[in-house]
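2 protein chains.
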Amino acid sequence: MTQSHTSTGLAPDQQRDALTADPLRFGVGARLTIAAMSDHYPELILGALQENDPGELRIETGDVSTFIGGAEDELLRYLTGVTATVARTGVHASISLLLSRGCPGEVVCDLPGGAGPREVTPPAGVDVGRYASAEWALYPLADEVHAGVEPDHMRDIYAAIDLAKELGTFRGSVHFVTRLEGDLGRILQTVLAGWVLVGRTVQHVTSHLTVSVNSPSHAHVDI
Amino acid sequence: MTQSHTSTGLAPDQQRDALTADPLRFGVGARLTIAAMSDHYPELILGALQENDPGELRIETGDVSTFIGGAEDELLRYLTGVTATVARTGVHASISLLLSRGCPGEVVCDLPGGAGPREVTPPAGVDVGRYASAEWALYPLADEVHAGVEPDHMRDIYAAIDLAKELGTFRGSVHFVTRLEGDLGRILQTVLAGWVLVGRTVQHVTSHLTVSVNSPSHAHVDI
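So the protein lines, in turn, are chains A and B. To convert a position in the first sequence, counted from 1, into the working numbering, add 235. To convert a position in the second sequence, counted from 1, into the working numbering, add 235.
Structure representation (structure tokens):
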């Protein structure tokens with residue numbers, strides 16, 4: 236058998252492994268929008284972003300959202316820290332989160348199908364002691380068969396739902412989304428881990444989450 | 236040839252046509268979150284929802300978002316009215332929108348694959364005289380071949396992008412999303428019409444939009 240080598244000197248399998256091992260090249264990241272419903276929103280939002288150490292994550296702040304690129308466990312740590320800082324202010328806020336992995340381009344993926352999947356351990360979360368309610372959508376988008384692994388979207392989606400039930404955050408289905416409730420840190424763990432679980436067999440997976448903290452509707456809720 | 240008939244007395248083709256003709260049975264709808272960054276957010280948000288006539292749309296308000304079910308042109312009219320009311324207050328707000336059609340269930344579609352697509356004319360929008368910036372994701376999700384029409388995701392996505400360019404709202408691609416800018420009404424038209432365009436050949440299509448209005452970053456922008 237022959238193997239084709241490119242100018243990198245790596246065989247195709249090695250190239251693929253190098254690519255999936257690098258979270259930024261594999262397009263692992265988030266877009267985060269924090270909307271604090273207060274006249275003091277600028278200092279609340281900027282404060283939450285500045286008080287939490289991004290470590291090795293790549294951060295680009297825009298007028299609609301903040302892009303955060305890097306490994307899944309680092310993303311969960313940072314997102315939990317930033318949103319917990321917001322929640323602890325007591326101000327009602329709506330937090331929108333888009334997660335994506337496996338498609339570092341925009342309109343068209345820069346990665347060919349079959350470059351993934353990228354398999355990582357679902358990241359572990361922490362309790363932050365603040366209640367939140369949320370609506371969650373999870374989208375497996377690429378259908379390439381990789382290394383003999385048949386994608387099975389429903390199996391992976393069910394695994395993500397089972398994890399939400401284990402973590403105690405699952406509350407059921409409403410139109411178009413799954414409703415999550417509970418500790419803010421466990422909601423984020425549910426969503427990041429579910430996204431990674433579906434990513435075991437699917438290269439391109441996105442997820443969207445809208446979180447409500449300190450809502451007047453939550454006044455009666457204890458966690 | 237024989238045709239199977241069910242208890243409805245309709246042939247399968249007629250059943251499918253009746254189903255795709257009914258926006259609520261086909262699962263056409265939106266989830267809208269308005270986050271007004273002001274101490275007066277309750278009256279701003281409820282006022283915008285109450286001042287605009289939902290007509291025949293089904294509305295269910297929750298603590299994370301408001302569900303709005305009904306036909307695409309009615310959705311565009313109502314979403315434009317509500318968000319324009321918010322924009323006219325001058326208060327900085329972040330607006331999150333999820334659109335879905337072709338999957339009226341939640342975790343699992345209640346519709347079988349091949350029940351669609353539903354073909355409607357892309358709805359026409361209006362200028363509302365308020366500038367907005369936005370980030371847009373568009374997801375064709377079902378892959379069933381219907382009536383000999385091969386789904387062609389990239390063709391339909393490009394048609395949606397071309398429409399954004401025609402409407403003057405397209406600003407380019409950033410990580411994971413397409414950036415739109417311009418009149419708030421034309422941004423919403425872009426997103427609703429693009430969603431309908433992809434729905435010409437794909438049963439289940441979702442789209443997510445995050446819009447910023449009255450941002451301090453927009454102080455220099457005229458439309």
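All C-beta atoms in this analysis are idealised placements derived from N, C-alpha and C, irrespective of residue type, glycine included.
Residue i burial status per 10 Å Cβ neighbour count (16 or more: buried)
i, result
"A359/B", "exposed"
"E307/A", "buried"
"G304/A", "buried"
"T268/B", "buried"
"V437/A", "buried"
"T241/B", "Legend: pLDDT at T241/B = 47, less than 50; position of this residue unreliable, no value from coordinates given."
"S452/A", "exposed"
"V456/B", "exposed"
"S447/B", "buried"
"A428/B", "buried"
"P247/A", "exposed"
"D257/A", "exposed"
"L281/A", "exposed"
"T296/A", "exposed"
"D418/B", "buried"
"A454/B", "exposed"
"P277/B", "exposed"
"T356/A", "exposed"
"E286/B", "exposed"
"P253/A", "Going by the sequence as given, residue 253/A is Ala instead of Pro. When all chains shown are included, A253/A counts as exposed."
Cβ distance (whole Å) where residue i is taken to contact residue j below 8 Å
i, j, result
"A369/A", "V321/A", "About 14 Å; that fails the 8 Å criterion."
"A372/B", "V326/B", "Rounded, the Cβ-Cβ distance is 26 Å, inconsistent with contact."
"V431/A", "I392/A", "In fact, because the Cβ distance is near 13 Å, the residues do not count as touching under 8 Å."
"A271/A", "M272/B", "6 Å"
"S329/A", "T441/A", "Not quite, the Cβ-Cβ distance comes to about 20 Å (not below 8 Å), so this is no contact."
"L279/B", "L423/B", "The pair is not a contact, with the Cβ atoms about 19 Å apart (cut-off 8 Å)."
"S450/A", "D298/B", "5 Å"
"L333/B", "H443/B", "6 Å"
"F302/B", "R260/B", "F302/B to R260/B, Cβ: 15 Å. No contact."
Bridge partner(s) assigned by DSSP for residue i
i, result
"W371/A", "T413/A and L444/A"
"D418/A", "Y366/A"
"I269/A", "I330/A"
"T296/A", "T301/A"
"G264/B", "G304/B and S335/B"
"S408/B", "T413/B"
Give me the subset of the stretch 264-279 of chain A whose CB atoms are less than 8 Å from a CB atom of chain B, sorted by chain position.
Answer set for the stretch 264-279 of chain A: G264, R266, T268, A270, A271, M272, S273, D274, Y276 and P277.
Decide if the stretch 321-332 of chain B is in contact with the stretch 361-368 of chain B; the criterion is three or more beta carbon pairs, one per stretch, under 8 Å apart.
Yes: the two stretches touch, three or more of their Cβ pairs being nearer than 8 Å.
Give a yes or no on contact between the stretch 285-300 of chain B and the stretch 407-420 of chain B, applying the rule of three or more CB pairs nearer than 8 Å.
Touching, no, given that fewer than three Cβ pairs across the two stretches are closer than 8 Å.
Which residues, in order along the stretch 302-317 of chain B, keep a beta-carbon less than 8 Å from a beta-carbon of chain A?
Listed by position along the chain: F302 and G304.
Beta carbons nearer than 8 Å to chain B: which residues of the stretch 365-379 of chain A have them?
Here the close residues are S368, A369, E370, A372, Y374, L376 and D378.
According to a CB-to-CB cut-off of less than 9 Å, which residues of the stretch 393-413 of chain A neighbour chain B?
Going along the stretch 393-413 of chain A in chain order, one finds Y393, I396, G407, S408, V409, H410, F411, V412 and T413 with a Cβ nearer than 9 Å to chain B.
At a CB distance below 9 Å, what residues from the stretch 442-454 of chain B approach chain A? Give them in sequence order.
For the stretch 442-454 of chain B, which is checked against every Cβ of chain A, the residues closer than 9 Å are H443, T445, V446, S447, S450, P451, S452 and H453.
Give, in chain order, every residue of the stretch 284-302 of chain B whose Cβ lies closer than 7 Å to some Cβ of chain A.
For the stretch 284-302 of chain B, which is checked against every Cβ of chain A, the residues closer than 7 Å are D298, V299, S300 and F302.
Using a Cβ-Cβ cut-off of less than 8 Å, give me the residues of the stretch 316-335 of chain A that come near chain B, in sequence order.
So the close ones are H327, A328, S329, S331, L333 and S335.
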